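Counting in numbering that gives the first Met the number 0, the sequence shown runs from 0 upward without gaps. Using N, Cα and C, we set each Cβ at its ideal position, and we do this for glycine too. If you're wondering where the values come from, they're calculated on a predicted model, not measured in any experiment. Data block below; observations after.
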Amino acid sequence: MNPSTLIGIVGSVLLLAAVLAFSAEDAALFVDLPSLGIVVLGTLAATFISYPLSEVLRIFRLIGTVLRNERMYTEQDIDDLIAISRLWMKGDIRKVESALEGVSNPFLKTGVQLVIDMTPEQDIVDLLQWRISRLRAKERAEAQLFRTMAGFAPAFGMVGTLVGLVNLLFLLGDGDMTAIGQQMALALMTTFYGILFANLLLKPVAVKLERRTEQRMIVMNMVMQGISMMCQKRSPALMRETLNSFMHQHEDELNDRAGRRAQAQAKAP
């Protein structure tokens, strides 16, 4: 499991447990199945209406992606590029093709195969950029799915609150305090569940997917840079230094962007 995801899950469970243990007279009062049903089923229903079935069914796979500790294998990609570039500089196409069979990155494999086929460099770059753009659009749409659900969950929490308040108004004249208390619980717990699901599950998953996309874009751009240098038959030593510098530079830029984003969120009202 992804370490940061595991820490977040454990931390959120401990936080909720501490809040319920020290502030609630009975923790069981915070378990309300009708309220939970309104939020979960309402959110899923709105999502099914908003998106095609094929996209909604990817929800569980995407959650599994967030839970997994996915590695980028950047160093392996650089090593593969350098090894293949050395063979390419020697003009041994058979060995290049043989080495290409052991490459696990399909994006890198496509680029090298185009170089072997003597495709013009600009055409290769255009094709690889198109694949990067397509992957970026696809994965951003997947993250947006969870952001949309995060917007639905509090809204259906408010729906449950309105249902509870309407029922409460009808019961006020009877003076049945037990029934009034149940309706108040329904009114408040749905809002609680909606906010909880949106901010502790759906939005974090969306942010995690967006961060994963940024990291994948950096690696793919690094590979594209290496393929371009291979087309130009640049020195393998220069290629290694360039790609390592490329990765460090983009890592710094990514961290700076994350820092600026955090500062902007902190200043926001």
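| Item | Value |
| --- | --- |
| Sufficient close CB pairs (3 or more, under 8 Å) joining the region 27 to 35 to the region 180 to 198 | yes |
| Length of the line joining the Cα atoms of V65 and L56 | 16 Å |
| Cβ-based burial, K207 [other Cβ within 10 Å; buried from 16] | buried |
| At least 3 beta-carbon pairs within less than 8 Å: the region 94 to 111 vs the region 135 to 148 | no |
| Residue closest to T42, alpha-carbon to alpha-carbon, out of G10, N198, G150 and L161 | G150 |
| Limits of the unbroken alpha helix (DSSP H) element including F145 | E120 to L170 |
| Whole-Å CB distance - V124 paired with M223, under 8 Å assumed | 7 Å |
| Residues of its chain near V9, where Cβ-Cβ distance is below 7 Å and the 5 sequence neighbours each way are ignored | none |
| Segment limits, alpha helix (DSSP H) that includes V95 | I92 to E100 |
| Given 8 Å, three or more beta-carbon pairs between the region 151 to 168 and the region 80 to 89 | no |
| Proximal residues to V95 (C-beta, below 8 Å), its chain only, five neighbours per side dropped | I83, L86, W87, V111 and I115 |
| Option in M117, Q75, F106 and I6 with minimal Cα separation from K232 | M117 |
| Cβ pair E120, S227 closer than 8 Å | yes |
| Host alpha helix (DSSP H) of L52 (start-end) | L52 to V55 |
| Residue span of the alpha helix (DSSP H) that contains Q214, given as start and end | K202 to C230 |
| Pick from Q128, M221, T4 and L201 that is closest to T46, judged by C-alpha positions | L201 |
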